[in-house]
Amino acid sequence: EQENGSMVGGPKVESVFEYIHSLGDFTFVLGMSEVRGETAVDPEVDVYNSLIMDDGNGGRQSYQKNHLVILGEFIPDLPFLHDLYLQTTGVEFGKGLSRGTTFEPLEVDIGGQPVGVIPSVCFEDTVPRLTRKFVRHGPQVLVNVTNDGWFQESEGSLQHFRNALFRSIELRRPTVRCANRGVTGVVTLAGSLVDPYSKKMRHLVNESGSYFHRGYLLATVYIPSEGEITLYAAFGDWFAVSGLIAGFLWVVASFFSKKSKIEKREG
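Residue numbers (my numbering): 677 to 943.
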């Protein structure tokens, strides 16, 4: 499918959309490549790692990943890195993924009420300075789609998830996370996987406690209707930066203070 120069699917992808919507009336989200150009073979085409949200009634929204992974999704325009890529893979590096530029949240209708969706793709849920830019007044939920398959079955995917928990805490918004070979779960605005009412864990694990298996998770997400703006959402990393500057100035002041005392003693 091509609309306004944006190819977000094709016959095979559309058949998948149709099949999913045949299962019920709901909005679904998935991660996929999004191509923007005159044609799919356009040498200047832009390819994005995107989050696509489809409501089944012709409403389709997309978010293009903003924070790209260096050497994974793009290579800096440095000759020696391109030479290294050629030596390592045996082929020349063509073109990396394009970077998204929007910080507008997506929107989903829940019971007749619009709810903002703070989108994130893969490692973006570990970048607080990015997710805070999507915060608006009103009900919102963070949604992350990720593929942690490159970690295989190491602790990497679990560490990725534990880092992502802090986005809910910082922004006071719940998180819905769907991972391919990683941790799938629903996080409260306090950073917990426990349903505050049923007290059940809302994550996808098998009987042995492993996250690495096929399955599905049915869970209720509690979204605050007020959607207040937190201190971090409003001001970002000012506290950490201020602390770093204050610490640096303290070290410098201590150095010169000790140097002055030594000179007085020697004098």
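We put the beta carbon where it would ideally sit given N, CA and C, even for glycine.
- By the neighbour-count criterion, in which a residue is buried when 16 or more other Cβ atoms sit within 10 angstroms of its Cβ, Ile-786 is exposed.
- The three-state secondary structure of Val-721, taken from DSSP, is coil.
- The DSSP-derived three-state label of Tyr-873 is coil.
- Excluding sequence positions up to five before and after Phe-915, its CB lies less than 6 Å from no other CB in the same chain.
- The residue from Gly-885, Phe-693, Gln-816 with its alpha-carbon nearest to that of Asn-733 is Phe-693.
- Under the criterion of beta carbons closer than 8 Å, Leu-841 and Arg-808 do not qualify as touching, at roughly 15 Å.
- Of the other Cβ atoms in all chains shown, 16 or more fall within 10 Å of the Cβ of Gln-740; this residue is therefore buried.
- Each of Arg-736, Ser-709, Leu-762 was checked against the Cα of Tyr-724, and the nearest Cα belongs to Ser-709.
- Three or more Cβ pairs closer than 8 Å define a contact, and the region 767-775 falls short of that threshold against the region 808-817.
- For Gly-735 and Ala-922, the gap between their C-alpha atoms comes out near 50 Å.
- Boundaries for Asn-733: no alpha helix (DSSP H) harbours it, and the DSSP string shows neither H nor E there.
- Excluding five sequence positions before and after His-879, the CB atoms of its chain that fall closer than 8 Å to its own CB belong to Val-859, Thr-860, Gly-861, Val-862, Leu-869, Tyr-887, Leu-893, given in chain order.
- If you draw a straight line from the Cα of Arg-838 to the Cα of Ala-895, it is about 19 Å long.
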